[in-house]
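For our numbering, add 233 to where a residue sits in the sequence shown, where the first one is 1. Note that beta-carbon positions come from the ideal geometry of N, C-alpha and C, so glycine has one too. The structure displayed is predicted, hence computed values, not measured ones. A short write-up of the structure that comes next.
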Amino acid sequence: MDRTVILIVLGVVAAFFLLILLGLGTTHKSPPSEESSLVMTSKAAAIPSSARGPAIDPKKGYFVEEIRDGFYWVTDGVYQVIFLTTGEGVIAVDAPPSLGQNYLKAIAEVTTEPVTHLIYSHSHADHIGAASMFPNNVTIIAHEDTKAKLVRDNDPRRPIPTVTFSDNYTLTVGNQTLELSYKGPSHEPGNIFIYAPHQKVLMLVDVIFPGWTPFMFLALAEDVPAYIQAHDQVLEFDFDTFIGGHLGRLGTRQDVSIQREYILDMKANATDALKTIDFAAIGKKVGFDNPWLLFDVYLKAVAQKCADVTLAKWRGRLAGADVFTFSHCFRLMNSLRLD
Ligand SMILES: [Zn+2]
């Protein structure tokens, strides 16, 4: 996720809480529940054990493991990458700065093959901002929209892709094959599916978060209908293991189905809240003189109702649901109003 976007979002979120603290941002008749806002993060619910991944040796700072047949994954507990040994060079995917050189150490732990190919899942610096650590002659493959963004951003940490595609691209190196495909802006334009048909492993970054609620505001999805649709697109693949690019464990088909159910629940709850929260009644209370204040109070009341109903079912089932459900409801509600 782009750092500027995150800073803007954090600023907006901070402004919300200031208003809530000042008593301007809530229409609650009863006191707000404990998880009613992101400001309660420090009191967040316990993380269910189902959300935990393998232990990471603090001296190493990363965990590497072969999933099957030369397909490996690496995590630092927050970010995930994959690589494949092919007999003719390593195919690496993404390069998060949080892993940095530990990625190279993880590869060197299991093979002496050099990295010859690098795939970008998408353009965001938090996932590929360490890409310049790979050799200059590495072949970099990405979607054409990712290349366009990287040309625009002109960031030396994220070298420009040397091979691009629009719909599908099959990469075969040595004894390994990856099928890359683009099915729409699931997270941002250019975010691709990375599929290993032999190993039955599928990677899609910043959309599904096994065991956890997505990062805030539907993981900052640029296009909410496309984000929701991506859950069905994932389930169309024949895979056993899913890699979401974040947090500490691998995913399964069931994880994808669970998040799909959670997102559709929130969509239904946001739809219902838009129908039932009375705009005119809030206007009578707040006044119609300052439309921005009126909309601020109204939209937050809608998102809060959506969050309260959603959390009654999902609190404790997905880690972090108490932290980010309000923000997801807020994003969904605005999509329902506008898209
Ligand atoms: Zn991203």
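Spell out the partners DSSP gives residue i in its beta bridges.
i: H376; result: F398
i: A325; result: F316, L351
i: V406; result: Q409
i: R301; result: F304
i: Y428; result: E412, L435
i: F296; result: T308
Compare the Cα-Cα distances from residue i to each of the options and report the closest residue.
i: D309; options: N370, P287, G444; result: P287
i: K518; options: L507, Y531, D327; result: Y531
i: D439; options: A454, K416, Q487; result: A454
i: M436; options: I289, A284, F316; result: F316
i: P418; options: Q466, N408, Q432, F442; result: Q466
i: I280; options: D572, N567, R550; result: R550
i: L411; options: R390, L351, N369; result: L351
i: T543; options: S560, G444, T397; result: S560
i: V297; options: A278, H360, A459, V343; result: V343
i: D572; options: A459, V489, H431; result: A459
i: Y495; options: I510, K508, A554, V457; result: A554
i: A545; options: N502, N424, L526, I427; result: N502
i: S568; options: A536, Y353, D522; result: A536
i: P368; options: M449, A325, I510, G516; result: A325
i: L480; options: R391, G320, W445; result: W445
i: A375; options: P389, S399, A363; result: S399
i: L337; options: I300, G294, F563, D378; result: G294
i: I393; options: F426, N408, H357, G407; result: H357
i: I340; options: G362, Y353, S331, G303; result: G303
i: M449; options: V323, P291, V556; result: V556
i: F475; options: V489, A463, Q462; result: V489
i: T395; options: R385, D388, N370; result: N370
i: P330; options: A364, I289, R548; result: A364
i: D359; options: E346, C562, G478, P291; result: G478
i: D498; options: W547, Y415, Q334, K508; result: W547
i: R482; options: R493, T318, F442; result: F442
i: R390; options: G320, M566, S283, G333; result: G333
i: A277; options: R570, L565, T558; result: T558
i: T372; options: R564, I510, G322, G520; result: G322
Does ligand 1 have a heavy atom nearer than 7 Å to the CB of residue i?
i: D386; result: no
i: H360; result: yes
i: D439; result: yes
i: E455; result: no
i: E421; result: yes
i: H355; result: yes
Does the beta carbon of residue i come closer than 8 Å to any beta carbon on chain D?
i: L435; result: Structure shown: chain D not included; a single protein chain is present.
For the alpha helix (DSSP H) holding residue i, just list the boundary residues, first then last.
i: F512; result: 512-519
i: M366; result: No alpha helix (DSSP H) contains M366, which DSSP labels as neither H nor E.
i: L337; result: 334-343
i: K276; result: K276 -> no alpha helix (DSSP H), and no H or E assigned at all.
i: V311; result: No alpha helix (DSSP H) holds V311; DSSP gives it neither H nor E.
i: N502; result: 486-509
i: D388; result: Careful: D388 lies outside any alpha helix (DSSP H) and carries neither H nor E.
i: H360; result: 358-361
i: L483; result: Element bounds for L483: n/a, residue is neither H nor E.
i: D465; result: 457-468
i: F450; result: 449-453
What is the residue span of the beta strand (DSSP E) that residue i lies within?
i: T474; result: 474-476
* Just list the alpha helix (DSSP H) runs in the region 521-570, keeping only unbroken ones of 4 residues or longer that don't cross its boundaries, in chain order. => 524-547
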